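In our numbering, the protein residues as written are 668 to 937. Yeah, the Cβ is synthetic: ideal placement off N, Cα and C, and Gly gets one too. Remember, predicted model here, so these are calculated numbers, not experimental data. I have placed the structure first, in the form of structure tokens, so that the comments after it can refer back to it.
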Amino acid sequence: LLETSPGVAEVTFVEKEPAERHTIVSWEQKNSCVLPEDLKNFYLMTDGFQMTWSVKTDDTPMPLGSMVINSVSNLCRLGGSSVYSLPNAPTLADLEDDTDEEGSNGDKPEKPHFDSRSLIFELDPCNGNGKVCLVYKHAEPVVSPDTEIWFLDRALYWHFLTKTFTAYYRLLITHLGLPQWQYAFTSYGVSPQAKQWFNMYKPITINTALLSEEADSFVNKLDPNKVFKSKNKTPVLKKKPPSQPAGSQKSPMSMTSAKTSSLAGNSSRK
């Protein structure tokens with residue numbers, strides 16, 4: 668699908684070996700929790716996932732799409748360590764604000780916590796646009812096996828994505844790894860620049876409201892076939908004027924000399 672899209676170049680898939688079962692068991696023992704069954708089966712098939720693709724502008728590839736799922740060894744916990752290596756340095760747990768709790772609202776799930784009430788592990792760094800996380804929301808007094816997938820944006824606000832890893836994996840594939848696609852599940856949506864890429868490649872997603880236009884907004888309608896059309900123009904050959912016979916061509920010098928000789932002849936007659 669990607670390779671046949673206009674302008675898409677350098678689709679790269681990194682093949683990874685399956686994770687060893689003892690590696691998964693060691694991770695579970697270290698973090699005192701059990702991986703969900705669908706994620707565990709995924710790691711037993713491939714230890715992580717990485718696929719990137721570029722678009723060609725002016726014959727120069729530009730990285731655009733990125734789909735990443737961290738390996739078992741890179742499935743690191745968030746919120747447990749301090750931001751700086753100082754004795755009293757702040758941690759993410761210090762950002763907890765119980766007044767912003769949405770658990771009392773029936774139509775929204777309870778948000779994760781950075782403190783000991785939840786266990787949070789990074790699945791995808793999202794190229795610095797945020798973090799997709801595997802969340803154990805109930806870690807006290809014992810860790811509940813129930814997990815969810817959440818998106819943590821750059822402002823450290825939480826946004827619910829899916830209840831299972833399998834459902835998230837489908838979202839990742841159907842959105843083609845487009846930049847900032849996770850922000851389609853936030854209240855403020857993707858940036859105007861990212862929306863341009865969405866309009867061009869139209870990911871296979873049921874979230875059609877993302878592509879709808881508000882009355883006070885303007886988004887250029889780009890045609891990928893025209894955007895990535897080669898700019899090399901065929902040189903236009905200039906036609907040479909038809910050559911005149913040698914006898915009919917008279918140079919300015921010959922005409923001047925003829926006029927001079929005729930004037931000399933007239934003066935001698937006089």
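Distance between beta carbons of residue j and residue i, contact taken as under 8 angstroms
i       : j       : result
Ser-785 : Tyr-803 : 6 angstroms
Phe-680 : Met-718 : 5 angstroms
Gly-732 : Leu-843 : 6 angstroms
Leu-702 : Asn-737 : That belief does not hold up - the Cβ atoms of Leu-702 and Asn-737 are roughly 13 angstroms apart, past 8 angstroms.
Ala-676 : Val-722 : 7 angstroms
Asp-714 : Ala-686 : 4 angstroms
Asp-705 : Phe-832 : 5 angstroms
Tyr-855 : Ser-672 : About 28 angstroms; that fails the 8 angstroms criterion.
Simplified DSSP state of residue i, which is helix, strand or coil
i       : result
Glu-682 : coil
Arg-744 : strand
Cys-800 : strand
Ala-676 : strand
Asp-726 : coil
Leu-838 : helix
Asp-705 : helix
His-826 : strand
Phe-716 : strand
Leu-819 : strand
Glu-789 : strand
Gly-732 : strand
Ser-721 : strand
Lys-775 : coil
Tyr-710 : helix
Ser-811 : coil
Arg-784 : coil
His-805 : coil
Val-692 : helix
Gln-847 : coil
Asn-739 : Asn is not the amino acid found at residue 739; the sequence shown has Val there. Val-739: helix per DSSP, three-state reduction.
Tyr-855 : coil
Thr-831 : coil
CA-to-CA distance, residue j to residue i, given in whole angstroms
i       : j       : result
Pro-812 : Ser-858 : 35 angstroms
Leu-845 : Ala-834 : 17 angstroms
Cys-800 : Thr-841 : 19 angstroms
Thr-875 : Lys-707 : Any reading at Thr-875 must be qualified, since the residue scores a pLDDT of 46, below 50, and its modelled position is unreliable; the value itself is stated next. Looking at the two C-alpha atoms, the distance is approximately 32 angstroms.
Pro-776 : Asn-796 : 23 angstroms
Phe-852 : Asn-866 : 17 angstroms
Ile-691 : Gln-860 : 39 angstroms
Met-729 : Glu-684 : 28 angstroms
Gln-810 : Lys-697 : As written in the sequence, residue 810 is Val, which differs from the Gln given in the question. So the two alpha carbons sit approximately 13 angstroms from each other.
Gly-805 : Cys-700 : At residue 805 the sequence reads His, which differs from the Gly that was named. C-alpha separation (whole angstroms): 11 angstroms.
Glu-682 : His-689 : 21 angstroms
Glu-807 : Phe-716 : 31 angstroms
Asn-741 : Glu-670 : 29 angstroms
Residue i CB to nearest heavy atom of the ligand PLP below 7 angstroms
i       : result
Phe-709 : As far as ligands go, the structure on display features none, and thus does not contain the ligand PLP.
Spatially closest choice to residue i from the options, by CA coordinates
i       : options                               : result
Gln-863 : Gln-847, His-780 and Thr-853          : Gln-847
Thr-829 : Val-735, Ala-861, Tyr-850 and Trp-817 : Trp-817
Val-678 : Leu-702, Trp-694, Trp-720 and Phe-716 : Trp-720
Ile-787 : Leu-819, Asn-794 and Ser-740          : Leu-819
Lys-972 : Val-722, Thr-814, Pro-792 and Cys-743 : What is shown of the chain runs 668 to 937, which leaves residue 972 out entirely.
Asn-824 : Leu-839, Ala-686 and His-780          : According to the sequence displayed, residue 824 carries Tyr and not Asn. Out of Leu-839, Ala-686 and His-780, His-780 has the C-alpha closest to the C-alpha of Tyr-824.
Asn-794 : Arg-821, Ala-806 and Val-810          : Arg-821
Lys-798 : Leu-838, Leu-745, Tyr-836 and Phe-709 : Leu-745
Trp-694 : Glu-682, Phe-716, Cys-743 and Thr-671 : Cys-743
Pro-849 : Pro-792, Ala-806, Asn-741 and Arg-688 : According to the sequence as given, residue 849 is Gln; it is not Pro. Residue Pro-792 is the option with its Cα nearest to Gln-849.
Leu-839 : Ala-806, His-689, Val-735 and Tyr-710 : Val-735
Tyr-836 : Phe-709, Ser-672, Pro-808 and Ser-699 : Phe-709
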